[in-house]
Every structure is written in C-alpha cells, then in structure tokens.
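Worksheet: one structure, shown below.
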Amino acid sequence: MPASQAGESYPKDQLGTVTVDKDAPLGFRYYQAWNSEGIAAGRRFVIGHLPEIVEQEIDGRPIPTSVKLPVTINGRIFPREDVDIWTFAGKKGSSYVCEVNAARIGSPLDSRLEIIGPDGGRVAENTDHFGNDSYLKFTAPADGTYRVRIHDLKFLGLQPYVYRLTITDGPWVEQTYPLGVQRGTKTALQLFGQRLPAKPVTVNVAADANKTIGRTLKFDTGETNVFSLAVSDHPNVLETDKNDTPQTAQSVTLPAVLNGRIESVGDTDHWVFQAKKGQSLVMDLQAARLGSSLDAQVSVLDATGKRITGGEDGKGTSDPTITFKAPADGQFTVVVSEQEKGRGGPRFAYRLEIAPPVKAEPGFRLKLPTDALSVTRNAEAKIKINVDRTGGFQEEISLVIGNLPAGVTVSGGDKIPKGKNVVELKLKATKDAKVAVRPVTVTGKAKVGDTEVISRGVLAAGTIHDTVRDTMMVAVAVPVPFKFKGVFESKFGAQGSTFYRRYTIIRNDYKGPLTATMADTQGRHLQGVTCKPLPVPEGTDQFDFKIQLPPWLEVGRTSRTQMLLVGVITDPDGTRHKVSFTSNQQSDQTVVLATSGVVGVNTPTSSVIAHPGSTIELPFTVSRGTGAGGAGVVELVLPAHVRGVSATPVKLTPGQTNGKISIRFGKSSLGPFNQSLKVRARITDARGDQLIGETGVEVVSE
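This is the structure in structure tokens:
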C-alpha cells in the first residue's frame with residue numbers, strides 16, 4: 021500500500037514542564053496525560069545522569085549540530101526519511117559510547133546508528149542491540165570531528181518517533197562478572213565497558229532487593245549508566261579456572277547459583293554435585309536475558325559420563341531451563357558450553373541456578389487490566405480483574421475497590437467466586453460526576469487456612485526492569501453531545517484550489533458555537549491538505565467545510581480528509597470542558613479526486629547564488645487556467661529557520677502573467693539553505709478563495 025493510502029496521525033505538540041529532584045534515583049518513571057474526554061495510557065519518562073539537550077527541529081536536508089560530551093540528546097525522527105546528524109570533537113585513541121533509547125520507552129523508532137570519521141569514512145554502525153535500540157562503542161582512529169547519524173531503519177518517521185541518544189566518553193558499564201549477586205551480601209564485580217577500573221569493585225545488595233536491580237557507580241571519571249544485576253537468595257559460587265574437564269569438575273553444594281563464563285572458543289565448564297534418587301532439581305541458566313553474548317547449552321551427565329538430559333533454548337529466550345530428576349543416588353555433572361562453534365570470550369558469562377522446585381504457598385495475586393480507564397458521565401466502563409492462584413488455593417476472594425472518583429460506583433462483583441480466575445467489574449459515573457482523575461486500587465482478601473491474606477492488584481511488568489505499579493488511573497469524562505454527518509460524495513478538485521464539503525450537525529441538546537477543523541487522526545495521509553479552523557455559529561445546523569488542496573497533490577490519487585468538530589461544555593459550577601467529535605465513515609469524509617491545477621508559476625532558473633548584501637531580480641511566468649484570471653500576488657515563501665533573506669510580494673493585475681520578484685540577501689548570517697525556497701503565485705477566484713501554484717528555487721551560498 022502506498023504511504024498516501026495509509027492511515028496517519030497528526031498530533032499537536034504540547035509543551036509542559038517536569039521538575040526532577042537532584043537526588044532522584046536514575047531510571048524511568050511513568051507519566052500520563054488526560055483532559056475532559058479521558059485519560060491516556062502511561063508512557064515512560066527517563067531520568068538520566070548526564071547533561072541533556074532537546075533537538076531544535078528544522079525542515080529540509082539534515083544539518084549537523086555540534087554537541088559537547090557527555091550528553092543525552094532528546095530528538096525525534098520526523099517527518100519520514102528524516103536523518104539527524106550530531107557532531108563532536110573526537111580524540112585519537114579515545115573510546116566513545118553511543119546508545120539509543122527509543123523502543124524501550126515505547127517509541128516506534130527502529131533506529132540505525134552510523135559514525136562517520138573526520139575523513140568521511142564509516143567508523144562504526146549498528147541497528148539492533150537492545151531489541152530495536154542501537155548501541156555501539158568505538159575508538160577514534162584520529163583527531164577531528166565525528167558525525168553520529170541516526171534514522172529509522174525503514175526510513176519511517178512521525179511525531180511519536182522520539183529517541184534519547186547518549187554520547188559519552190565517560191564511564192559506561194556494558195556488563196559485569198558475575199552477572200548477579202546474592203541478597204544481603206557484598207560481591208566483587210569485574211566491570212566491562214568504557215573507562216572503568218581494571219580491578220573488581222565491591223557492591224552491597226540489600227536483603228530485600230528485587231529480583232533484578234539497577235545500579236550505578238561513581239568514580240573519579242564520573243558516574244556510570246544504570247546497569248542491571250540479577251539477585252537471588254541462594255549462595256553464589258564463582259567458577260575456578262580449572263573446571264573445563266570432567267576430571268577437574270568443580271564441586272558444589274546445592275542449592276546454589278553457579279557463576280561462570282565460556283572464556284575461549286571450545287571452553288566448557290563442569291560442575292559436580294550429589295543427588296538422591298528421585299530428587300528433582302530445576303536448572304535455570306541466565307545469560308542472554310542478562311545481556312551476555314552466550315548462546316548456552318546445558319547437559320547433565322551421570323558418574324560414567326553418559327548424558328542424561330540437557331537443554332538449549334528456553335521458551336521465548338536462548339537461555340535453557342531444564343528439570344532434572346536423579347535416576348539414582350550418586351554424583352552428577354552439569355556441563356555448560358556455547359552452542360555455536362568459534363564463539364567464546366570474557367563477555368560469555370552465565371548464572372546457572374540449581375535448586376529444588378519451589379513449592380508455591382497457597383495464595384493469590386491480582387492483576388490489573390490497564391493503567392488508564394475513562395468512565396463517561398452517565399455511562400459505564402467494564403474491566404476484568406484476573407487472579408493467579410498458587411499452591412492449590414481455590415477459595416473465594418473478596419474485592420475492595422479503593423479511591424474511586426466522586427460520583428463513580430462499582431458493580432458486577434465484589435468477589436471472585438471459589439475456583440474462578442476472573443471477574444468483570446462495571447464502573448458507572450453519575451450524570452453530574454465531577455471531572456477528575458484518581459489512582460484507584462483493587463485489593464483482594466481471602467482466608468488461607470486460619471490466616472487472612474491481602475493482595476493488591478498490580479500491572480504486569482513489561483520487562484524485567486519494569487517498575488511495579490499497583491494503581492490504575494480512573495478518569496471521569498464528559499460525553500460529547502453533538503456529532504455531524506455527511507452524504508457520501510466524491511468530486512474532482514484541482515491542485516492548489518479550495519474545496520468545499522457540506523455537513524449537517526446533529527446538536528441534540530448542545531446549542532453553543534462550534535469549530536470545524538481537521539482531525540489529528542486521519543484515515544489517509546493528508547498529502548499536504550490544510551485548513552483554517554472554521555467557526556460555526558450557535559444554532560447553525562449546516563455548514564460548508566473548507567480545505568485547501570496543495571499545488572503538489574498527487575494527480576489521480578483520491579484524497580480523504582477527516583473533520584473534527586470542537587465545542588465547549590460548561591458545568592453548573594462554571595467549569596468549561598472542551599470536547600470533540602470525529603468520524604472516519606466514508607460518508608463523513610471529504611473525498612477529492614485530484615486533477616491538475618489551474619495556476620502555475622515558473623522561473624527561468626532553478627537556483628540562485630546568495631551574495632551577502634546583494635539583490636537578485638528573479639523573473640517569473642504565471643500560467644492561468646479557467647477561473648484564474650483575477651488579481652493575485654507572487655511571493656517568496658521562506659522556511660522558518662532561514663535567516664537573512666527577504667522579498668516584497670509582487671501584486672498581479674487581472675490577467676497579468678509575467679513579472680519579477682526582488683530577492684534581497686543580508687550582509688551576514690545567511691541561511692541555512694538546506695531546502696528550496698518557494699516562489700508562490702496566489703490568484704483570487706470569483707468566490708474569493710485562493711488558487712495556488714508553486715515552484716522551487718535552490719539557494720547556493722557563495
């Protein structure tokens with residue numbers, strides 16, 4: 021499907037302020053936005069440790085922007101095919117890290133990074149490292165300016181294609197050895213990455229630490245990035261250098277977490293343990309999920325060296341998990357190796373947790389269905405609360421819904437029946453409920469034996485690093501009383517002309533004024549179609565919606581524009597709520613079959629040279645078709661970022677087709693000329709609307 025026939029969103033940028041305490045823990049938080057029509061799902065916001073800048077976006081060909089290291093750049097790839105270029109001064113022999121954080125915060129960007137050296141040659145490139153997020157580390161081969169190019173792998177782009185690009189020559193942890201620690205202990209970690217101490221660093225881990233923790237370390241050279249450590253309850257054992265044969269297998273007492281690495285090509289690690297006949301052990305190898313390069317294979321051998329069981333890939337991961345049941349009393353050996361030939365090294369680390377199967381205690385965990393729910397006044401919203409039952413627990417669970425907005429009640433189930441794993445709740449708002457947002461909790465209570473167990477519902481974690489959230493934001497929303505409808509029609513419209521479409525308003529009880537404009541979400545790419553907001557007076561039930569077709573609209577393509585109708589609802593207490601209605605039904609679209617324009621403009625040259633302090637007389641010819649014989653104007657249209665250029669519009673008398681426009685260049689600070697300037701002709705038709713033609717003129721700096 022061509023891009024012009026695909027759906028497209030055109031969100032309007034909003035500006036807000038976020039205050040972050042100087043001692044706020046690093047990592048991400050969730051933020052949410054809402055208005056009188058409801059609340060949006062949470063998105064991730066990152067708190068970093070380096071200086072931050074925000075991209076100043078400009079149209080046209082990419083212009084390199086210089087940055088001072090270390091830095092985290094907040095940018096976006098917009099529009100399609102956008103390429104951002106960031107430059108910095110590099111020193112020969114210095115190491116630099118470039119990391120993209122986009123997909124991990126919910127951006128659709130599938131990034132590609134490319135480093136261009138002072139000689140114009142490629143130094144490094146990367147596409148996928150952390151999922152769709154790029155990462156690379158390189159050593160500068162020479163002094164000079166280095167360019168960091170970032171774009172979408174498929175050259176897509178739009179407002180949501182945001183990214184955080186960190187470029188630093190400071191300390192950066194890529195991996196540790198071992199990959200994890202035991203709760204409540206001190207552990208010496210060997211660090212891998214950039215500008216890190218060669219000797220191991222000791223870290224303390226709290227006794228109540230989560231299963232995965234994020235840590236940073238501070239050195240004389242600066243603070244590191246947030247890196248992850250796996251945490252376990254079992255004792256951690258570090259491999260010796262001599263466990264690479266069955267004869268030198270390292271003896272361990274279970275349960276334990278075995279920390280090792282496949283340090284060279286062909287290396288194998290052997291661990292020996294004792295087990296009783298019928299004893300079950302779960303062997304969970306963690307490597308790829310913790311950032312290790314190891315694609316592991318695990319085998320269990322008996323005392324004669326015969327392979328009893330083993331595993332390679334686990335479900336959804338390359339890390340194997342196997343359950344071993346001892347066939348007899350005796351000694352057994354577990355062997356860890358790399359699956360692929362020719363692979364191995366210090367980064368091929370693993371954690372192999374071996375322990376009896378955990379027998380879950382009787383109990384339950386409630387799961388929230390969403391982090392955002394909108395309940396419209398005088399209407400209801402339905403949600404399902406699911407429960408994970410453990411340890412054979414099947415009893416009834418009573419539910420308490422806490423902190424609902426005023427005027428919102430819940431029905432449909434104050435309990436999850438015995439043996440059931442889901443219940444549907446209905447949240448209903450009264451017709452005069454106050455518009456508000458509240459963090460709502462869902463708490464379950466049940467008897468497990470003689471003990472009352474209480475569990476608060478949580479949202480499912482998106483990743484192992486995700487923040488645990490135990491509330492969902494519930495918003496009271498204002499219903500939209502009005503809507504519009506149209507009769508399906510498909511008419512021809514010329515490039516550069518104004519097009520009208522009649523609509524009927526169904527007001528119901530709404531009597532106030534309205535504003536018609538284009539919707540933020542469109543069923544088709546707009547292809548440059550624009551409109552000015554059109555006031556619709558109160559009491560008006562029919563009106564003509566007016567759009568401006570661009571002079572470059574693709575001829576023969578069907579243009580479909582989706583309208584938005586906006587009004588204001590006032591509560592009895594004077595509170596005003598802006599609400600809107602849109603429809604993507606075919607009969608409600610403004611459908612145009614594009615034909616050739618009736619106004620054109622041409623210049624004898626497609627480029628001019630910008631001499632500082634000079635003036636250029638640029639001739640032009642205007643072609644006029646049927647209905648384009650009236651007065652008009654020829655003007656120079658400048659991109660907002662171009663400086664030092666001006667031109668006085670030339671007025672056209674009826675029928676005039678030739679003239680000259682004077683383009684003046686300032687004495688200094690010209691440009692940047694990274695896109696064509698437009699020479700635009702605007703002719704007023706009999707209805708008073710504009711018929712537009714354009715041509716591009718490139719400006720070449722002297």
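Under my numbering, think of the first position of the sequence shown as 21, with each following residue one higher. Backbone N, C-alpha and C define an ideal beta-carbon position, used for all residues, glycine too.
- At least 8 angstroms separates the beta-carbon of Ala380 from that of Glu416.
- The beta-bridge partner set that DSSP reports for Asn678 consists of Thr641.
- Beyond the five residues adjoining it in sequence on each side, Ala122 comes within less than 6 angstroms, by CB distance, of Leu129, Ser131, Asp153 and Tyr183 in the same chain, given in chain order.
- Residue burial is scored here from C-beta neighbours: Pro376 has fewer than 16 other C-beta atoms within 10 angstroms and is therefore classed as exposed.
- Judged by DSSP secondary structure, Gly331 falls within the beta strand (DSSP E) whose first and last residues are Arg327 to Gly331.
- Ser114 sits in coil when the DSSP states are folded into three classes, being neither helix nor strand.
- Residue pairing of Ala614 in beta bridges, as defined by DSSP: Gly513.
- Using a Cβ distance threshold of 8 angstroms, Trp192 and Asn245 count as a contacting pair.
- Check the Cα spacing between Ser319 and each of Arg644, Ser300 and Thr341: the tightest is with Thr341.
- Beta-bridge analysis with DSSP links Val500 to no other residue.
- Burial is judged here by how many other beta carbons sit within 10 angstroms of a residue's own beta carbon; Asn146 has at least 16 and is buried.
- Minimum Cα-Cα distance from Leu690 among the listed residues His661, Lys680 and Thr595 corresponds to His661.
- C-alpha of Phe352 to C-alpha of Phe293: approximately 6 angstroms in a straight line.
- Contact annotation: Gln515 and Ala648 have beta-carbon atoms that are not nearer than 8 angstroms.
- The DSSP-derived three-state label of Thr268 is helix.
- Shown here for Leu424: same chain residues with a beta carbon closer than 8 angstroms to its own, the five before and five after excluded, namely Val430, Leu447, Arg458, Val460 and Val494 in chain order.
- Gly652 and Ile712 have their C-alpha atoms roughly 10 angstroms apart.
- For Leu301, the uninterrupted beta strand (DSSP E) run begins and ends at Ser300 to Gln306, by DSSP.
- Contact annotation: the stretch 304-320 does not touch the stretch 391-402, with fewer than three C-beta pairs closer than 8 angstroms.
- Counting only unbroken stretches of 3 or more residues, the beta strand (DSSP E) elements lying wholly within the stretch 422-485 are 428-431, 442-449, 457-468 and 471-476, in sequence order.
- Per the DSSP secondary-structure output, Asp564 pairs in a beta bridge with Arg522.
- Restricting attention to Asn94, Val575 and Lys231, the CA atom closest to the CA of Tyr181 is found in Asn94.
- Counting along the chain, Ser603 sits inside no beta strand (DSSP E), nor does DSSP assign it H or E at all.
- Counting the other CB atoms within 10 Å of its CB gives Gly200 a total of 16 or more, which places it among the buried residues.
- Per DSSP, the unbroken beta strand (DSSP E) holding Asp289 starts and ends at Thr288 to Ala295.
- No residue range can be given for Lys88, since it is assigned to no beta strand (DSSP E) and is classified by DSSP as neither H nor E.
- The C-beta distance from Val654 to Ile681 rounds to 6 angstroms, short enough to fall under 8 angstroms.
- The residue among Ser475, Val488 and Leu388 with its C-alpha nearest the C-alpha of Leu445 is Leu388.
- In this model, Glu259 and Pro266 are separated by some 14 angstroms (Cα to Cα).
- The stretch 540-556 and the stretch 25-37 touch, with three or more beta-carbon pairs separated by less than 8 angstroms.
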